[in-house]
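Structure, as structure tokens:
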């Protein structure tokens, strides 16, 4: 293990972060001028590894921080990176990073980038060989001088430190302190023992009086128990009598409650029937009035239809005649179009053939003229140019110009080809769109026919439904009446449920519903009363009493959902709600008794979704329905369950009894059940209001038919636009194809001209043409004249065909086809009115008037019957309400009697509890107390109790705790005596420990002295081969008699080591046999060498992983510096050395070199070469 790298920032003169290049594991030398920061570099290492910088004040901390210009340094740190490849640090890592950071208020360590305490760091260092008792692995400036000036006793103290006697001394002082504390405790115990002995003598006298007092007090307690017990029995008898009376009263009250409940249900039923009858009567009156109005309107409509019938027939006849004329004209035009299209199909191939022949002949003519022109140009070359060279130069330029022109025209041809290709694609696209539009027009006709068929079918269904209109009206009216009634019942039960809870809870439940809908919060399952159902009304009271306010608790899936709702609820401050998160509920599996006629578990009465099992078990899991209170009390004791009767009387697991009168008219569960029922009924009725489905379908079909009819004009307009676009595209394509043909012709001519120029360049320049060229020129002139004549004939024929083609196309597109489309539009627009439909409408009105008259007669009869039945129900309702009022008054009187009974029962229970309390306060009674006065007259008991109380007054001064105090003091005396013996034994054990510590300390010092003395001789012999050195332990010879007596009296206070007075040094530098010199007799350099020898000896006695030497060779002579350097080179095989020096000898065998520089009050460390280090040392040598 060795120091691999050091990083310093803000520490003393090292302001900026200084990352020192990795050190060698052997010998490293640091050089630098005085004041440059070498010592601060060593101080930084000591700052991390040693105890030199501990318990510092603010000023001492400030002194460690860099002071200079610029911003103040608030903290500093030194980081040492160790190579731990040998795993000397037990961390399991190849590198260990140790950092210490200090500021004005903080001082902290970190180990491998993690915070650590100073104790952890020091223990880690000691485990790697950094001994606190031997700090000589770091030798700062002045340490050598201090050792040279040290006296013999000081060297002895140093030897003790190296031997590690500090631990023994600390433990010895701790032991002495414990002995002093033991003596102090022992003296206090003796004082307490003396006080306790005196107090025991006093208590012996008080014990006799206390015995007499206790006998009379026992008699008093027996008498009081007998009196209280008799009173308790009497109260128990009264309670039993009251319970029997209450059972009878409860039975009568239950009978009245049942009758009251039955009457309330009958009243509710009759009120519903009356409400339905009243609604039915109102509806019949409205229907009768509307029927009368409709009959008058239908009669007027019938007269209007008869007047309009004739006009409709005339219009239909005119439309049929016009349609026949248009269809005849359409057939004539279709025949004409077919003839024209056939003629056009014959004309177009002939026209295209003439165009191609004309283009071919024109190309041949241009080629012949080009060849003729070339021959004429060649014939005139002799007069134009002086020689062949001048001609060839001109021809070369012409060829280049022709190449450029050909290239330009070729590019134009390519562009035209691309444009023609795009136009071809556009023509194909437009042709496809035209075909699609025509297909849509055809499909439109098919769809229109289908819709007409559907419309006719729906008309037939409508006629059929007209016959059923009477029943549909009646059903619709009844549904409307039921719907209104269901809505009223829903709202009424909702108000009843709200009145059974407090206002804040009601507001909270309403707010929760609104918040869930507004913020779309999932996981809110609803209040408990919405999640459970009880189909048996007889058990509603038991279920409601068991649940209590828990009926209104809101069940949610998780507590996170409850938190979301609560945040909004608290923000709005609107009501109060209790949530039941299913993920937080913990229920236990319970064992219920077997279900029978007397016991039914509450969970079996309720119906609910399995997902809500935890919430239901939380509220109802521990409750069972019992036939009476006796069964409930038995179950509460045997099964640890809450028993409840059908009347709401309850016995909980602890035996407490609750119950009494319950107003059945305000039952929460009944209101909640009815609310769910009518809400569902309203939703079902509201979903059956659509009775005009067929008529709405007819309207939809009619709208679609009109939409299809209206879509024809846009499609025709789109078709014409596409056809025009197609024509324009074809014309543009034809023009571009002609341009392309001309370009290809020009390119061909240019290439032929170029070829002629190239041929001419290979011939001599002559005054005339050759005979062959003359004949060729004459042939070309003859052929050109013939071709021009033929071209004229072809152009005339082509023009005639082109004119005929244009006439045919114009007549087809502009006249015939357009007229055909117009005729089709007119034919479609001419629709004939169906006479059957008109007559059907007339018949329908006549039948409708007849049905309305019949319906009015039926309504009149129904109104008469409903009025009679309503009167009967109203009379029955009045009678039941009067009986209900009488029963309610009787129940209220019974309730008052129950309240009186409960008050009296409560008073008796209080008296009984008071008697029980008095008996309990009597404390532990003798066995005779339970039977001694069992048959004694109560009057005698009171007299005897009075007599005993008078006798007790004589002992009012007696110490009633004498026995207790005597026993307590006796126990304290025994405990203190035992504690005293333990302290004596502890003191002896500590004295034995001190003796052992002294022996171990003596052994450690003597062992260390022998090792150091041995290594001192060996090291000195290596450093000074001609001399020898030794360490001598000095002893005290003169000891006065007083000291001897003190040592005898204070056993174990001293040790053998106390006979040593110091460690002396004798050395010889030039002989191994002479006596040697003392330290005082040596020169300064010799003293420094002896001090270094002692340091090396101590280090070999307790070796460290590395050593730091700060200018240890400053005071040595040259030969000793060489010896010391050789010694370090030898020792660096087993440890790392980092030294500073101003001498060249130390550099001779070093492995790595570092230079320290100082600039602008900032120190820096950098690696340098050996030559640079030697040059620096040479410059710094004194002249």
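Numbering (UniProt numbering), first residue to last: 1 to 1183. No residue lacks a Cβ here, since even glycine has one placed at the ideal position from N, Cα and C. No experiment lies behind these values; they were computed from the predicted model shown.
- Note on residue 561: 16 or more other CB atoms within 10 angstroms of its CB, so buried under the neighbour-count rule.
- Of 36, 5, 180 and 119, the smallest CA-CA separation from residue 50 is found for 119.
- Nearest to residue 590 by C-alpha distance, out of 440, 1077, 621 and 441, is 621.
- Residue environment: residue 25 is assigned as buried (16 or more neighbouring CB atoms within 10 Å of its CB, all protein chains considered).
- Collapsing the DSSP output to three states places residue 91 in coil.
- In the three-state scheme derived from DSSP, where H, G and I count as helix and E and B as strand, residue 1101 is classed as helix.
- Within the same chain, Cβ atoms closer than 6 Å to the Cβ of residue 121 are found at 109, the five residues on either side in sequence being excluded.
- When Cβ pairs closer than 8 Å are counted between the two stretches, the stretch 625 to 644 is seen not to touch the stretch 563 to 582, the count staying below three.
- The residue from 229, 398, 2 and 161 with its alpha-carbon nearest to that of residue 919 is 229.
- Taken through DSSP and simplified to helix, strand or coil, residue 20 comes out as coil.
- A Cβ-Cβ distance of about 14 Å is found for the pair residue 398 and residue 749, leaving them out of contact under the 8 Å criterion.
- Taken in chain order, the complete alpha helix (DSSP H) segments of 4 residues or longer contained in the stretch 330 to 390 are 381 to 384.
- When the alpha-carbon of residue 95 is set against those of 989, 1091 and 82, the nearest one is in 82.
- When the beta-carbon positions are compared, residue 227 and residue 941 come within less than 8 Å of each other.
- Rounded to whole angstroms, residue 1127 and residue 1028 show a C-alpha spacing of 16 Å.
- Under the three-state reduction of DSSP output, residue 225 falls in the helix class.
- Along the stretch 735 to 810, the beta strand (DSSP E) does not occur as any fully enclosed run of 3 or more residues.
- Between the stretch 1108 to 1117 and the stretch 1130 to 1146 there are three or more C-beta pairs closer than 8 Å, enough to call the two in contact.
- For residue 1173, the uninterrupted alpha helix (DSSP H) segment begins and ends at 1170 to 1180.
- Within the model, the alpha-carbon separation for residue 1108 versus residue 89 is close to 19 Å.
- Beta-carbon to beta-carbon, residue 412 and residue 743 are separated by about 6 Å, close enough to satisfy the 8 Å threshold.
- In the DSSP annotation of this structure, the continuous segment of the beta strand (DSSP E) that includes residue 27 starts and ends at 27 to 32.
- Residue 159 is positioned such that its CB atom lies closer than 8 Å to that of residue 1063.
- Per DSSP, residue 512 is one residue of the alpha helix (DSSP H) stretching across 503 to 519.
- When C-alpha distances from residue 1072 are compared across 1020, 60 and 729, the shortest belongs to 1020.
- Under the three-state reduction of DSSP, residue 580 is assigned to strand.
- Per DSSP, the unbroken alpha helix (DSSP H) holding residue 47 starts and ends at 38 to 49.
- Judged by DSSP secondary structure, residue 1 falls outside any alpha helix (DSSP H); it is assigned neither H nor E.
- For residue 525, no alpha helix (DSSP H) segment is defined; the enclosing uninterrupted segment is the beta strand (DSSP E) at 524 to 527.
- In terms of Cβ geometry, residue 156 and residue 1091 do not form a close pair [threshold 8 Å].
- The straight-line gap separating the alpha-carbon atoms of residue 996 and residue 990 is approximately 10 Å.
- When DSSP states are grouped into helix, strand and coil, residue 408 belongs to the helix group.
- Residue environment: residue 74 is assigned as exposed (fewer than 16 neighbouring CB atoms within 10 Å of its CB, all protein chains considered).
- By the neighbour-count criterion, in which 16 or more other beta carbons inside 10 Å mark a residue as buried, residue 34 falls on the exposed side.
- Nearest to residue 858 by C-alpha distance, out of 58, 291 and 953, is 291.
- Leaving aside the five residues that flank residue 392 on each side, the residues in its chain whose CB is nearer than 6 Å to its CB run, in chain order, 761.
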